[in-house]
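Notes follow once the structure below has been shown.
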Amino acid sequence: MSILLMVSRAGAGSVICASYGETDLSTQAEHSSTNRRDFLFVATGAVGAVGAAAVVWPLINQLNPDASTLALASIQYDVGPIAEGQSVTIMWRGLPVFVRHRTPKEIEEAQAVPMSDLKDPETDEARTKPGHEQWLIMIANCTHLGCIPVGESGDFDGWFCPCHGSHYDSAGRIRRGPAPKNLVVPPYEFLSDTLVQIG
Amino acid sequence: MSEHSTYVPGNAVEKWLDDRLPVVRFAKEHLMDFPTPKNLNYWWTFGAILVMCLGVQIVTGIILAMHYTPNVAMAFDSVEHIRRDVNGGRIIQATHAVGASMFFIALYIHMFRGLFYGSYKAPREILWILGVVIFLLTTATAFMGYILPWGQMSFWGATVISNIFTAIPLVGENIKQLVLGGFAVGNPTLNRFFSLHYLLPFIIAAVVALHIWALHVPGNNNPVGVEVKDSRDTVPFHPYYTMKDLYGMVLFMIPFAWFVFFAPDILGHPDNYVMANAQVTPAHIVPEWYLLPFYTILRAIDFNILFIDSKLGGVIAMGGAMLMLLIVPWLDTSKVRSGVFRPMFKWFFALFAINFVGLMYLGAQPAEGIYTVMAKVCTAYYFIYFLVILPVLSRIETPKPLPTSISESVLGKNAHA
Numbered sequence: 001m002s003i004l005l006m007v008s009r010a011g012a013g014s015v016i017c018a019s020y021g022e023t024d025l026s027t028q029a030e031h032s033s034t035n036r037r038d039f040l041f042v043a044t045g046a047v048g049a050v051g052a053a054a055v056v057w058p059l060i061n062q063l064n065p066d067a068s069t070l071a072l073a074s075i076q077y078d079v080g081p082i083a084e085g086q087s088v089t090i091m092w093r094g095l096p097v098f099v100r101h102r103t104p105k106e107i108e109e110a111q112a113v114p115m116s117d118l119k120d121p122e123t124d125e126a127r128t129k130p131g132h133e134q135w136l137i138m139i140a141n142c143t144h145l146g147c148i149p150v151g152e153s154g155d156f157d158g159w160f161c162p163c164h165g166s167h168y169d170s171a172g173r174i175r176r177g178p179a180p181k182n183l184v185v186p187p188y189e190f191l192s193d194t195l196v197q198i199g
Numbered sequence: 200m201s202e203h204s205t206y207v208p209g210n211a212v213e214k215w216l217d218d219r220l221p222v223v224r225f226a227k228e229h230l231m232d233f234p235t236p237k238n239l240n241y242w243w244t245f246g247a248i249l250v251m252c253l254g255v256q257i258v259t260g261i262i263l264a265m266h267y268t269p270n271v272a273m274a275f276d277s278v279e280h281i282r283r284d285v286n287g288g289r290i291i292q293a294t295h296a297v298g299a300s301m302f303f304i305a306l307y308i309h310m311f312r313g314l315f316y317g318s319y320k321a322p323r324e325i326l327w328i329l330g331v332v333i334f335l336l337t338t339a340t341a342f343m344g345y346i347l348p349w350g351q352m353s354f355w356g357a358t359v360i361s362n363i364f365t366a367i368p369l370v371g372e373n374i375k376q377l378v379l380g381g382f383a384v385g386n387p388t389l390n391r392f393f394s395l396h397y398l399l400p401f402i403i404a405a406v407v408a409l410h411i412w413a414l415h416v417p418g419n420n421n422p423v424g425v426e427v428k429d430s431r432d433t434v435p436f437h438p439y440y441t442m443k444d445l446y447g448m449v450l451f452m453i454p455f456a457w458f459v460f461f462a463p464d465i466l467g468h469p470d471n472y473v474m475a476n477a478q479v480t481p482a483h484i485v486p487e488w489y490l491l492p493f494y495t496i497l498r499a500i501d502f503n504i505l506f507i508d509s510k511l512g513g514v515i516a517m518g519g520a521m522l523m524l525l526i527v528p529w530l531d532t533s534k535v536r537s538g539v540f541r542p543m544f545k546w547f548f549a550l551f552a553i554n555f556v557g558l559m560y561l562g563a564q565p566a567e568g569i570y571t572v573m574a575k576v577c578t579a580y581y582f583i584y585f586l587v588i589l590p591v592l593s594r595i596e597t598p599k600p601l602p603t604s605i606s607e608s609v610l611g612k613n614a615h616a
């Protein structure tokens, strides 16, 4: 773009050169036409740059999640059939989601942990819904590099990620290993006592 | 380089063509008459071997694309279809898969050759940098290619690597979604990786052309690292090096063919013969062998450094380990190119090569116990070699006396023998 403009500038200059002669050109150009020509040069370049960006953006934006992917952003799931101590893995937005029916022992353990022991401090209450403390719903990808941790294992009675050795407790909070964050709790709500809407 | 040309158009047609598009003259100057140091050893044949590897991958890849289906429901089966039903597909698919490994063997040998003989030093910095660019592009191409069979390792390798983006503060998650085209690896990811996997080899071919152009301006480095002084130091590329390169290619094709015909899956991972499943992670995710050294560096940083958490730290270390190669010409300021004449460098280089193999071994081991300690030690040496040893050696080392010319070094050797 700019090379083209510079070529056309040089071309225009040489035309003036032919009709007015070389010595006249330098004084005339400096005093009268330099500013206007520079303005045109910059203005054309700016419009060209905006135009180029406007063309490039859709070419990049097409890479973003499409409408059919986004349409899966909300699902409903009945947790009723899940027995105490049982976990299921369901899919939401292409991501696996753990739904665990926790035992009273696990809830008690999770609530008893002092905040100072946690790498990413978060209370058990903040990770569950009031009145539904037995249900732990969270995205099943380890926050390190996305593997799926193994349930009911690890040193903290929760999950253990076999890929790089992260241990999560019975509230899905990171306790030891390379993962930086607790397992992510997706946005969800209880529509009835057992029907959950995720997303 | 026209001064090297002895081309005289042989007849009226050649003369007519030469005045309009001098392709014959160009080929004669650069592929036949090009003056090449007469002391190049077999380590120098890997450039031509790499051109062959790229050619093999492009030809077999175009054929595979005629039978492959980039869709999550069909990709895995279509690769099996190629291996079982397509005429000769068993061999063509194996050649492409094994070819990727052979490509990287040749690529690493070629790079270590350059590192030992100081081929990156002035006036060949651009030549070296273009080579590093080719390495990075090849790595990206191989990574995307590994996704296409849509096995368990394909899927989880892509998941782990794309999660690397989430280490970037603030915009990491958005970048990951932009790259994957969804919230996780899925059909949009497979489609775009297939498209890019088809595109990138041609970009690589273009950079290879620049790489050879940059080679033909200063000419080849050589095992003694002394510049060419006159015509007694060189021989024409053809037939001397066309034949030597061809011989190297034939030798290289022997293990290549052995893998293709007798052990096509030995370099792969059994988990990749299980179709991708977003709900089950393989117990032990390992990338392809050629990415293992950098994977080890990624995992070695499992501690926070100041305000940088371990995850971002690992990503920075892995990226840094690759990008480090770009600045090697300015880290090693020793005037002597060839490691042969550098008594101290020689040993640190040997240790660096062993260390690199060590990093590769550790990448395939679980991240626990003694392995994590060794991974940290090897990662540390990788960086210390470039950032401390090379600059310091350049100052303190006394090199051995250099031969005055390539010709003298060759003749001297013969006199002793």
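Here the protein sequences come in this chain order: Y and W.
Last residue of the first sequence: 199 (the working numbering), numbering continuous.
Last residue of the second sequence: 616 (the working numbering), numbering continuous.
All C-beta atoms, glycine included, are put in the ideal place defined by N, C-alpha and C.
The C-beta separation of methionine 517 (chain W) from phenylalanine 493 (chain W) comes to about 5 Å, placing the pair in contact by the 8 Å criterion. With a threshold of 16 other beta carbon atoms within 10 Å, phenylalanine 245 (chain W) meets it and is buried. Closer than 7 Å at the C-beta level to chain W, one finds these residues of the segment 55-86 of chain Y: Leu63, Asn64, Pro65, Asp66 and Thr69. Look at isoleucine 402 (chain W) here: in three-state DSSP terms it is helix.
Nearest C-alpha to isoleucine 139 (chain Y) among Y:Cys147, Y:His132 and Y:Glu133: Y:Cys147.
Interface annotation, methionine 91 (chain Y): in contact with chain W, CB-CB separation under 8 Å. Tyrosine 570 (chain W) has its alpha-carbon roughly 59 Å from the corresponding atom of proline 221 (chain W). Beyond the five residues adjoining it in sequence on each side, valine 185 (chain Y) comes within less than 6 Å, by CB distance, of Arg127 and Met138 in the same chain, given in chain order.
Interface annotation, alanine 462 (chain W): not in contact with chain Y, CB-CB separation never under 8 Å. Interface with chain Y (8 Å Cβ-Cβ cutoff): proline 387 (chain W) is included. Within the segment 132-145 of chain Y, the residues whose Cβ lies closer than 7 Å to some Cβ of chain W are His144 and Leu145, listed in chain order. Contact between the segment 60-71 of chain Y and the segment 384-404 of chain W is present: three or more C-beta pairs spanning the two stretches fall below 8 Å.
Contact between glycine 562 (chain W) and threonine 495 (chain W) holds: their C-beta atoms lie close to 4 Å from each other, under 8 Å. Interface flag for isoleucine 148 (chain Y) against chain W is set, since a Cβ pair is found closer than 8 Å. In this structure, the straight-line span from the alpha carbon of leucine 183 (chain Y) to that of cysteine 142 (chain Y) is close to 6 Å. Collapsing the DSSP output to three states places isoleucine 148 (chain Y) in coil. Leucine 136 (chain Y) carries a strand assignment under DSSP once its states are collapsed to helix, strand and coil.
Taking 4 residues as the shortest admissible run, the segment 472-541 of chain W contains the following complete alpha helix (DSSP H) segments, listed from N- to C-terminal end: 491-499, 509-522 and 527-530. CA-to-CA, the gap between valine 271 (chain W) and phenylalanine 393 (chain W) works out to about 12 Å.
Alanine 566 (chain W) has its alpha-carbon roughly 8 Å from the corresponding atom of arginine 498 (chain W).
In the structure shown, leucine 335 (chain W) adopts helical secondary structure according to DSSP, grouped into three states. Relative to the Cα of leucine 326 (chain W), the nearest Cα in the group W:Trp546, W:Met573, W:Ile526 and W:Lys534 belongs to W:Ile526. Glycine 45 (chain Y): member of the alpha helix (DSSP H) spanning 34-61, first to last residue. In this structure, leucine 592 (chain W) sits away from valine 535 (chain W), with a CB-CB distance that is not shorter than 8 Å. A straight line joining the alpha-carbon of tyrosine 560 (chain W) with that of threonine 532 (chain W) spans about 31 Å. Contact of histidine 164 (chain Y) with chain W is assigned, a C-beta pair being separated by under 8 Å.
For a Cβ distance threshold of 7 Å, residue set Phe382 and Ala383 of chain W lies close to leucine 95 (chain Y), ordered along the chain.
Checking the DSSP bridge columns, you'll see glutamine 76 (chain Y) partnered with Y:Gln197.
For glutamate 426 (chain W), there is no enclosing beta strand (DSSP E), since its DSSP letter is neither H nor E.
Residues of the segment 163-183 of chain Y whose Cβ lies closer than 7 Å to any Cβ of chain W, in chain order: Cys163, His164, Gly165, Pro178 and Pro180. For serine 170 (chain Y) against glycine 158 (chain Y), the beta-carbon gap comes to about 5 Å, under 8 Å, which counts as contact.
Legend: CB atoms of the segment 469-490 of chain W lying less than 9 Å from CB atoms of chain Y belong to residues Ala477, Gln478, Val479, Thr480, Pro481, Ala482, His483 and Ile484. At least 8 Å separates the beta-carbon of threonine 194 (chain Y) from that of valine 99 (chain Y).
The residues Val514, in chain order, have a CB closer than 7 Å to that of isoleucine 363 (chain W) in the same chain once the five nearest residues on each side in sequence are set aside. Take the alpha-carbon of aspartate 217 (chain W) and the one of alanine 357 (chain W): they are about 51 Å apart.
In the displayed model, proline 236 (chain W) falls within a strand according to three-state DSSP.
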